[in-house]
Structure formats: C-alpha cells, structure tokens
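Novice: Mapping the sequence shown onto the UniProt record's numbering, position 34 (from 1) lands on 34, and the numbers just tick up by one.
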Amino acid sequence: MNQTQPEEELSLEGQGELASLIERHTRTDGKHLSAIPSLHLFRASCEQEPQFAIYEPALCMIAQGSKLVMLAKESYRYDPRSYLLASVHLPIKGQILEATALRPYLGLQLNFQPDQIVDMLQMPRSGGEAGNHSSRGLAVGSVSSSLLDAVIRLIRLLDNPEDIEGLAPLMIREILYRVMQGEQGASIKSFVISGSHAQRIAAVIDRINRDYRQRLQVHDLAKMVNMSVSSLHYYFKEVTAMSPLQYLKQVRLQEARRLLLSETAEAAEAAFQVGYESPSQFSREYARLFGQPPIRDVNQLRHRLSRS
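(1) Alpha carbon to alpha carbon, what distance is there between MET180 and ASN132?
(2) Kindly examine the ligand SAM and report whether one of its heavy atoms sits closer than 7 Å to the Cβ of TYR247.
(3) On the DSSP letters alone, give me the boundaries of the beta strand (DSSP E) that ARG43 sits inside.
(4) At what residue ranges does the segment 70-109 contain a whole run of the alpha helix (DSSP H), taking only runs of 4 or more?
(5) Leaving out five residues before and five after ARG156 in sequence, what residues of the same chain have Cβ atoms less than 7 Å from its Cβ?
(6) Go through the segment 144-218 residue by residue and report every complete run of the alpha helix (DSSP H) that reaches 4 residues or more, in order.
(7) Use the C-beta contact count for MET227: other C-beta atoms within 10 angstroms, 16 or more gives buried, fewer gives exposed.
(8) Using only the alpha-carbon positions, how far apart do SER187 and LEU154 sit?
(9) Going by DSSP, name the residue or residues bridged to SER30.
(10) DSSP state of GLY16, grouped into three classes?
(11) Contact defined as beta carbons within less than 8 Å: I believe LEU176 pairs with PHE236. What is the distance between those atoms, to the nearest angstrom?
(12) Alpha carbon to alpha carbon, what distance is there between ARG288 and GLU47?
(13) When the Cα of ILE96 is compared with those of LEU106, LEU12, GLY195 and ALA203, which residue comes out closest?
(14) Is VAL140 helix, strand or coil by DSSP?
(15) Using a 10 Å radius around the Cβ and a threshold of 16 neighbouring Cβ atoms, would you call ALA101 buried or exposed?
(16) Within the same chain, show all residues whose beta-carbon is closer than 6 Å to that of GLU255, passing over the 5 residues directly before and after it, in chain order.
(17) Per DSSP, which residues does LYS67 bridge with? Please list them.
(18) Can you tell me whether MET61 is helix, strand or coil according to DSSP?
(19) Can you give me the Cβ contacts of LEU108 inside the same chain, cut-off strictly under 6 Å, excluding the 5 residues immediately before and after it?
(20) Where LEU167 and ASN160 are concerned, what is the direct C-alpha to C-alpha distance, given to the nearest angstrom?
(21) On the criterion of 16 or more Cβ atoms from any shown chain inside 10 Å, does ARG43 qualify as buried, or is it exposed?
(22) Buried or exposed: which applies to ASP119, given that a residue is buried once 16 or more other Cβ atoms fall within 10 Å of its Cβ?
(23) Could you tell me if MET224 is buried or exposed, where buried requires 16 or more neighbouring beta carbons within 10 angstroms of its beta carbon?
(24) If we count the other Cβ atoms within 10 Å of its Cβ and call it buried at 16 or more, is residue 311 buried or exposed?
(25) Identify every residue that forms a DSSP beta bridge with ASN111.
(26) Between ILE117 and the rest of its own chain, which residues show a CB-CB distance below 8 Å, the 5 nearest in sequence each way excluded?
(27) Using a 10 Å radius around the Cβ and a threshold of 16 neighbouring Cβ atoms, would you call ILE172 buried or exposed?
(28) Rounded to a whole number of angstroms, what is the C-alpha to C-alpha distance between PRO293 and ARG103?
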C-alpha cells in the first residue's frame, strides 16, 4: 500500500536528485552553460576565496554545500534549504563555504527577465500584494517542495534535449510562479509594478549598467524617473544597500577588472574604457575595492587561475 511520505523526507529525496543531476552535467569545476540558455550550473571541489560578480535578475539554488554572498556591507548565506533571489542587477562578492573533492559544491542559477514576471501578475495566487515601497534587490527565501520539484524537472530536460524548446519555457514559468507564491513574492513583484519606487529604481539600475562608460549625473538619473535627488538616494539605497555613485563605481571597477584579465589592457586604458578620467583615481578606487593595485591584482588572479 502506498503511503504519503512526509514533507521532510520528500525534500531530502529531491535534494539528492538535484545534486545528482547537477553533478552529472558538471564534470569539472567552474561555471557551466547549459542547453537551456538561461540556466547555468556550478561545481567547486574546494572552498574558494571571495569572487566579485554582477548578478543579473536570477534565482540561485544550491544542491550541495553553502555559499555566502555580500552586498555592500550585508551578508546573505544560503544552502540546499534556501534560495537566493536577485531582482535587479547587483554588484556582489560571493564565497563558496562548503566544498570538498568528495562532496563538491553544486549549484544553479536561473536568469529571468522582468517581462516574465509581468506576464504572470494577473494570475491568481501569484504572491502577496506589492505596495509602493522598495524592497532589497537581494533576498533569501525557503525552498518549498513544489519549487524544488519544478527545478528538478527543468534540469531533467538536459538529458532529453529534444524536449527543451517545447517544455523549458513552461517549466521556467512554473518555477517563477512558485517563487511568486512564496515569501519573496511581493518583493519580486514590486520591481515590475509600473510607477512603483522599486520599478523606478530598477530603471535607474538598468541605465547605469547600460551607460556606465558615460558621465552620469545623479540629478539626471533622478529626473529620468521623476524623483528628487534625495528620494533617489533613499530608495536606491533601499534596493542596493549603496548610493547611486557607489553602485556606479562598483560596476565600472568590476568591468575594468574583467578587461584587464581577459583583454590584457593597460590599467590606464581600462580606466578610460569604463568611464574614469583620472588613472590615479581609478587605481586608488580599484585598490580600495579589490585590495591591491590593478596590475598586481590581475597578475595574482592569472597566477591563481593557472594553478586551478
């Protein structure tokens, strides 16, 4: 006779399957693109030093191990029983905390577009009411059995690539629906409600990420979204934990680091490419964020990568 398994047992069983699926599709350490364009898989066989990145709007989940993500001075830790939700582009510092060769860190990132959330706003039970307030653009929530099940079914498609085009969009829609049903539902909705404070800050964030090379002025950004400068500062910090200029600086510096590492640009050239007019100011601010001057930092990164 079939008996219903307890929720706890079902969750453990599902987490084990999710780990097996990710491990099968990540034979080496690092970030792995998948046949589902918005789905990335991750594997790490040892704990890592903090890594800088700019998160896109995404749902991040862990099948094995744990991770610490830092946004400005705030810390967010998550593990197989929790997910990390980024509702806007955010410059972060992440560190894998639990990983060994025998039990590697295994995780996934599912990117999404605001239009996918807008598309579901009229659906019943699509999360709590989103008022005219600003939520933090990064949040941790509890993984439900229904969300876990939907994610597992999405990753199973990697074993049946012929089904991806037809079924992956439906499963991604279900995953986002499950997130909107959960404790972060009102938060994620607030970023797409036209005219809300969060939606206007999201528009400013998009502008900064698109035009960071240009000379952006805070009063112009405020005017763009019909806010006063003081309101923009207040709500921008509510969403990102930093001011607009601090955010712009992090975006520029992370892009400069990428240029230095991948394109062998000179420090002064990278500075100009990302919008700095003064190489000396660039070097000072780069060292303040990454711990050492540009060339020394990049040489150390290359050495570290050559050993991995």
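Cβ atoms here follow ideal geometry from the backbone N, Cα and C, with glycine treated the same way.
Specialist: Result, derived from the coordinates:
(1) On the sequence shown, position 132 is the one that residue 132 refers to. On the sequence shown, position 180 is the one that residue 180 refers to. Any reading at ASN132 must be qualified, since the residue scores a pLDDT of 49, below 50, and its modelled position is unreliable; the value itself is stated next. So the two alpha carbons sit approximately 17 Å from each other.
(2) Only the bare structure without any ligand can be found here, which leaves the ligand SAM out of the picture.
(3) The sequence position of residue 43 within the sequence shown is 43, counting from 1. First-last of the beta strand (DSSP E) with ARG43: 39-44.
(4) none
(5) On the sequence shown, residue 156 is found 156 positions in, with the first residue counted as 1. So the list reads LEU21, once near-sequence residues are dropped.
(6) Look at the segment 144-218 and you find these whole runs of alpha helix (DSSP H), each 4 residues long or longer: 145-156, 164-181, 185-190 and 197-211.
(7) By one-based count along the sequence shown, residue 227 stands at place 227. So MET227 counts as buried.
(8) Position 187 of the sequence shown holds residue 187. Position 154 of the sequence shown holds residue 154. Straight across, the Cα-Cα distance linking SER187 with LEU154 is about 24 Å.
(9) Translated into positions along the sequence shown, residue 30 becomes position 30. The sequence given here has Gly at residue 30, not Ser. Answer by DSSP bridge pairing, in chain order: ARG43.
(10) Locating residue 16 in the sequence shown gives position 16, counting from the first residue. The answer is helix: DSSP assigns GLY16 an H, G or I state.
(11) Position 176 of the sequence shown holds residue 176. Position 236 of the sequence shown holds residue 236. That pair is no contact at about 25 Å.
(12) Your numbering for residue 47 matches position 47 in the sequence shown. Your numbering for residue 288 matches position 288 in the sequence shown. Cα-Cα distance, rounded: 24 Å.
(13) As a working note, residue 96 is residue 96 in the sequence shown. Nearest C-alpha to ILE96: LEU106.
(14) Taking the first residue of the sequence shown as position 1, residue 140 is located at position 140. Strand at VAL140.
(15) Working through the sequence shown from its first residue, we reach residue 101 at position 101. Taking all protein chains in view, the Cβ of ALA101 is surrounded by fewer than 16 other Cβ atoms within 10 Å, so the residue is classified as exposed.
(16) Locating residue 255 in the sequence shown gives position 255, counting from the first residue. The residues are VAL274.
(17) Here the question's residue 67 lines up with position 67 in the sequence shown. In the DSSP output, where bridge partners are listed per residue, LYS67 has TYR78 and ILE96.
(18) By 1-based counting over the sequence shown, the position of residue 61 is 61. Strand at MET61.
(19) Numbered from its first residue, the sequence shown carries residue 108 at position 108. Counting only Cβ-Cβ distances below 6 Å, and skipping sequence neighbours, we find LEU41 and MET61.
(20) The residue you call residue 167 lines up with position 167 of the sequence shown. The residue you call residue 160 lines up with position 160 of the sequence shown. Approximately 10 Å, taken between the alpha carbons.
(21) Residue numbering aside, residue 43 sits at position 43 when the sequence shown is read from its first letter. Buried, since its Cβ has 16 or more Cβ neighbours within 10 Å.
(22) Sequence index remark: in the sequence shown, residue 119 carries index 119 (1-based). So ASP119 ends up on the exposed side.
(23) Translated into the one-based positions of the sequence shown, residue 224 becomes position 224. Result: exposed.
(24) Given a span of 1 to 308 for the chain in the structure shown, any question on residue 311 remains unanswerable.
(25) Residue mapping note: residue 111 aligns to position 111 of the sequence shown, counting from 1. ALA58, per the DSSP bridge assignment.
(26) As a working mapping, residue 117 is identified with position 117 in the sequence shown. Contacts found: LEU176, MET180, ILE188, LYS189, PHE191 and VAL192.
(27) Numbered from its first residue, the sequence shown carries residue 172 at position 172. Buried.
(28) One-based indexing of the sequence shown puts residue 293 at position 293. One-based indexing of the sequence shown puts residue 103 at position 103. Distance between the alpha carbons of PRO293 and ARG103 is about 36 Å.
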